[in-house]
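Asks: Numbering (this note's numbering), first residue to last: -17 to 450. Idealized CB from N, CA, C, for every residue including glycine. Attaching a single structure in structure tokens format; questions to follow.
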Amino acid sequence: MNKQIYVAFTLLVLLFSSPAQSANTTNKVIEVSSLSEFRSYLDKDNVKVKMKAGNYQIDTALKNRFIEITGHNSYYDLRGVRFMVDSKLFSRNDLTKSNDGNSMYCAIEISGKDVTFEGLYIETYGDTPGRQSKNKIFNLVGENVTLKDVEVRTTGSSPWGFGYLYGLGGNDVRKMNGIRIGYPAKNVKVLGCQVHMRAMGHAIFLQGAENTLIENCQVDGLLRTTDAILAETSGYAFDKKFYAGKNNYIEGTIVGEDGKILPGEIISLSEDGIRMYPDYEGHPTKNTTVKNCKVTQMRRGICTGLSTSGDQVIDCEVRDCVATGYNIGNEDKVINCSADAKYGEAFCIPYTNAKNAQVEIKILDSRNGRANNLLAKINGTGHKVVISTANPEWIPDAMAIKLSVWEGYGNFDEKATMHATNISLDNKTMTKVITYKGTKNAEIKSAGGVREATDSENAINESNRTKR
């Protein structure tokens, strides 16, 4: 009897120890030293892969997602690794399309669950524009994905050097975006990442993602004056006789009524730093937190206003952006953030249907700017806004805070009834506050003067209904 018990016990030990031994084996760090070895683990579950530090060239691909990580519960350590991606791959028409219904090209896609990807430096090289404007470096569509300490540098857009003056996509415009977080992504974290935009496109953007955290990230782009464009003696804009794609106002830049590029303006050569789209094919973008991030020299710095779920932006800094520093919308909370207004308003709540935003903005040095006298713009209903600065001299006397205005960025409905209703504004700066027609029940406390717009100012505002 004792012998039978012993045998049974031994069998049970063997039965339960084998899976444990197998799990321990799969959790060992796997070291790889080539792209082919690295690719062989991208569809595996429960792996820890460390790639040997060094430079790796990506100039071949089978699919329009050049590298696809589909495995679950896996960790990829690419600290010290540099990927150089040939921009010609984005123009290949013989690559197999992804089966998700989206024809976008991207260098790396992560669709697996519980995946951590850490430490890569990746850049595109070459000036070959892609076949479309949806090109991007990272596409994060998995659940519980963490992208950590990754550095991205983008090139390969067309036409380069004119920003959004010739459109945002289609026709001749081809973009190269940085990091996309898109449906069905949930609980994605982008931590400590840097995106250097040297192409037309967004740096970090969301489409239909839920519960996203973007923390300790940095984005930078490049600016250019319209005077520099008008001085060209050849090239894309010269060939078009310096006529842009639209008239009056293009994403933060004023052009002539006939569409002619004007002197004295400034453009960003890229698009937005961190930006939420409202949805992806009916799946809403929801519950985004942007924390301790810095954006410089982009079109818009941090843009949560197009997502209506109410997002949080905390302890962030935006400098030298052209359309606006912060684009704020419905139920958004912007806490302890800062921005300058050198080239565009420090922040705007532009939408007439936006309600109950909470905003705390510190104004940074806004002197020596160009083509802007608008410090902040407030439309909508029920917002609570606090504006302050560490140094009153940082804000030029010509600047103003305006309520119920079309001026500046962010009004898409030319037939909207412009208003700012039940606004609580605490302006701790010496900047003047101007309330335009449509401002009602405003509770304004201001260190600077407060006045109503004149009849002529209201008339100019009414005539300024161009889509923005």
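Assuming the contact rule is C-beta atoms closer than 8 Å, R64 and Y103 should be a hit. Round their C-beta distance to whole Å, please.
Replies: Sequence index remark: in the sequence shown, residue 64 carries index 82 (1-based). Sequence index remark: in the sequence shown, residue 103 carries index 121 (1-based). About 5 Å separates the two Cβ atoms, so the contact holds.
Asks: Judging by CA-CA distance, which residue of E100, T110 and V134 is the nearest neighbour of V127?
Replies: As a position in the sequence shown, residue 127 is number 145, starting the count at 1. V127 has its Cα closest to that of E100, out of E100, T110 and V134.
Asks: With K118 and R156 assumed to form a contact (beta carbons below 8 Å), what rounded beta-carbon distance in angstroms separates them?
Replies: The residue given as residue 118 occupies position 136 in the sequence shown. The residue given as residue 156 occupies position 174 in the sequence shown. The Cβ separation is near 12 Å, so there is no contact.
Asks: Measuring CA to CA, which of H184, C298, A380 and K130 is closest to N274?
Replies: Here residue 274 corresponds to residue number 292 of the sequence shown, with the count starting at 1. With distances taken between Cα atoms, N274 lies closest to C298.
Asks: Count the other CB atoms within 10 Å of the CB of F20; is the residue buried (16 or more) or exposed (fewer)?
Replies: As a position in the sequence shown, residue 20 is number 38, starting the count at 1. Buried, since its Cβ has 16 or more Cβ neighbours within 10 Å.
Asks: Excluding sequence positions up to five away, which residues of its chain have a Cβ less than 7 Å from the Cβ of L346?
Replies: Translated into the one-based positions of the sequence shown, residue 346 becomes position 364. Excluding residues within five positions, the ones whose Cβ falls inside 7 Å are R301, S320, A321, D322 and W376.
Asks: In chain order, what residues of the same chain have a beta carbon less than 7 Å from the beta carbon of T52, not counting five sequence neighbours either side?
Replies: Here residue 52 refers to the residue found at position 70 of the sequence shown. Hits under 7 Å: L24, D25, S93 and G94.
Asks: Compute the Euclidean distance between the alpha carbons of T78 and P111, then round it to the nearest angstrom.
Replies: Locating residue 78 in the sequence shown gives position 96, counting from the first residue. Locating residue 111 in the sequence shown gives position 129, counting from the first residue. Their backbone Cα atoms lie some 19 Å apart in a straight line.
Asks: Give me, in chain order, the residues of the same chain whose beta-carbon lies closer than 6 Å to that of V201; leave out the 5 immediate sequence neighbours on both sides.
Replies: For this step, residue 201 is matched to residue 219 along the sequence shown. Cβ within range, chain order: V177, A185, G255 and V277.
Asks: With DSSP run on the structure shown, which of helix, strand or coil describes T286?
Replies: As a working mapping, residue 286 is identified with position 304 in the sequence shown. In this structure, T286 counts as coil in the three-state DSSP scheme.
Asks: Where does D293 land, buried or exposed, given buried means 16+ other C-beta within 10 angstroms?
Replies: Indexing the sequence shown from 1 puts residue 293 at position 311. Its Cβ being crowded by 16 or more others within 10 Å, D293 is buried.
Asks: Take every Cβ of the stretch 362 to 371, pair it with every Cβ of the stretch 280 to 289, and state whether three or more of those distances are shorter than 8 Å.
Replies: No contact exists between the stretch 362 to 371 and the stretch 280 to 289.
Asks: Are E105 and R135 close, meaning C-beta to C-beta below 8 Å?
Replies: Here residue 105 refers to the residue found at position 123 when the sequence shown is read from its first residue. Here residue 135 refers to the residue found at position 153 when the sequence shown is read from its first residue. Contact: yes.
Asks: Could you check how far apart the C-beta atoms of G430 and S386 are, in whole angstroms? I think they sit under 8 Å.
Replies: Taking the sequence shown and counting its residues from 1, one reaches residue 430 at position 448. Taking the sequence shown and counting its residues from 1, one reaches residue 386 at position 404. Not really, about 18 Å apart at Cβ, beyond 8 Å.
Asks: Applying the 10 Å Cβ sphere with the 16-neighbour rule, what's the burial state of R61?
Replies: Walking along the sequence shown from the start, residue 61 turns up at place 79. Exposed.
Asks: Since G122 and V170 should fall inside the 8 Å C-beta cutoff, what is the C-beta to C-beta distance between them, to a whole number of angstroms?
Replies: On the sequence shown, residue 122 is found 140 positions in, with the first residue counted as 1. On the sequence shown, residue 170 is found 188 positions in, with the first residue counted as 1. Checking the sequence shown, residue 122 turns out to be Leu, not Gly. Yes, they are in contact, since the Cβ atoms of L122 and V170 sit about 5 Å apart, within 8 Å.
Asks: Skipping 5 residues on each side, what residues in its chain have a beta carbon closer than 7 Å to that of A226?
Replies: Along the sequence shown, one-based indexing puts residue 226 at 244. Correct list, in chain order: L147, Y148, I232, V237, G241 and I243.
Asks: For G351 and Q279, I'd like the C-alpha separation in whole angstroms.
Replies: Residue numbering aside, residue 351 sits at position 369 when the sequence shown is read from its first letter. Residue numbering aside, residue 279 sits at position 297 when the sequence shown is read from its first letter. In a straight line, the C-alpha of G351 is about 13 Å away from that of Q279.
Asks: Using the Cα positions of I442 and V132, report the straight-line distance between them to the nearest angstrom.
Replies: Locating residue 442 in the sequence shown gives position 460, where the first residue counts as 1. Locating residue 132 in the sequence shown gives position 150, where the first residue counts as 1. When rounded, the distance between both Cα atoms is 47 Å.
Asks: If the criterion is Cβ atoms closer than 8 Å, does the pair G364 and F329 meet it?
Replies: Translated into positions along the sequence shown, residue 364 becomes position 382. Translated into positions along the sequence shown, residue 329 becomes position 347. The answer is no: Cβ separation not under 8 Å.
Asks: Between which two residues does the beta strand (DSSP E) harbouring N338 extend?
Replies: Residue mapping note: residue 338 aligns to position 356 of the sequence shown, counting from 1. First-last for N338: undefined, no H or E at that position.
Asks: Do you know offhand how far G151's Cα is from N393's?
Replies: Along the sequence shown, read from residue 1 onward, the residue named residue 151 stands at position 169. Along the sequence shown, read from residue 1 onward, the residue named residue 393 stands at position 411. Distance between the alpha carbons of G151 and N393 is about 20 Å.
Asks: Can you say whether A5 is buried or exposed, counting buried as having 16 or more other CB atoms within 10 angstroms of its CB?
Replies: On the sequence shown, position 23 is the one that residue 5 refers to. Residue confidence for A5 is low, a pLDDT of 34 falling below 50, so the modelled location carries little weight; the figure read from the coordinates is stated next. A5 is exposed by the Cβ-count criterion.
Asks: Quick check: the Cα distance between S250 and S406, rounded to an integer number of angstroms?
Replies: As a first step, residue 250 is located in the sequence shown; it is residue number 268 there, counting from the start. As a first step, residue 406 is located in the sequence shown; it is residue number 424 there, counting from the start. Looking at the two C-alpha atoms, the distance is approximately 32 Å.
Asks: Classify I208 as helix, strand or coil using the three-state DSSP reduction.
Replies: Counting from one through the sequence shown, the residue named residue 208 turns up at place 226. Here residue 208 is Thr; the residue named in the question, Ile, does not match the sequence. In the structure shown, T208 sits in a helix (DSSP, three-state: H, G or I).
Asks: Just the C-alpha distance for N354 and Y325, rounded to the nearest angstrom, thanks.
Replies: For the purposes of this step, residue 354 is taken as residue 372 along the sequence shown, with counting starting at 1. For the purposes of this step, residue 325 is taken as residue 343 along the sequence shown, with counting starting at 1. Going from the Cα of N354 to the Cα of Y325 covers about 5 Å.
Asks: Taking a contact to mean a Cβ-Cβ separation below 8 Å, would you say A89 touches G124 in this structure?
Replies: Here the question's residue 89 lines up with position 107 in the sequence shown. Here the question's residue 124 lines up with position 142 in the sequence shown. No. Outside cutoff.
Asks: Which runs of the alpha helix (DSSP H), 4 residues or longer, sit entirely within the stretch 123 to 184?
Replies: Here no run is fully enclosed.
Asks: Tell me which residue opens and which closes the beta strand (DSSP E) that A321 is part of.
Replies: Here the question's residue 321 lines up with position 339 in the sequence shown. Start and end: K315 to A321.
Asks: Would M194 and T98 be called neighbours here (beta carbons separated by less than 8 Å)?
Replies: If you number the sequence shown from 1, residue 194 lands on position 212. If you number the sequence shown from 1, residue 98 lands on position 116. In the sequence as displayed, the identity of residue 194 is Thr instead of Met. Cβ atoms of T194 and T98: not closer than 8 Å.
Asks: Between the Cα of N446 and those of E389, R433, K410 and T417, spot the shortest distance and give me the residue it belongs to.
Replies: For the purposes of this step, residue 446 is identified with residue 464 of the sequence shown, where counting begins at 1. Closest by alpha carbon: E389.
Asks: Looking only at its chain, what residues have a beta carbon closer than 8 Å to the beta carbon of E239, apart from the 5 residues adjacent to it on each side?
Replies: Start at 1 with the first residue of the sequence shown, and residue 239 comes out as number 257. Cβ within range, chain order: N229 and N230.
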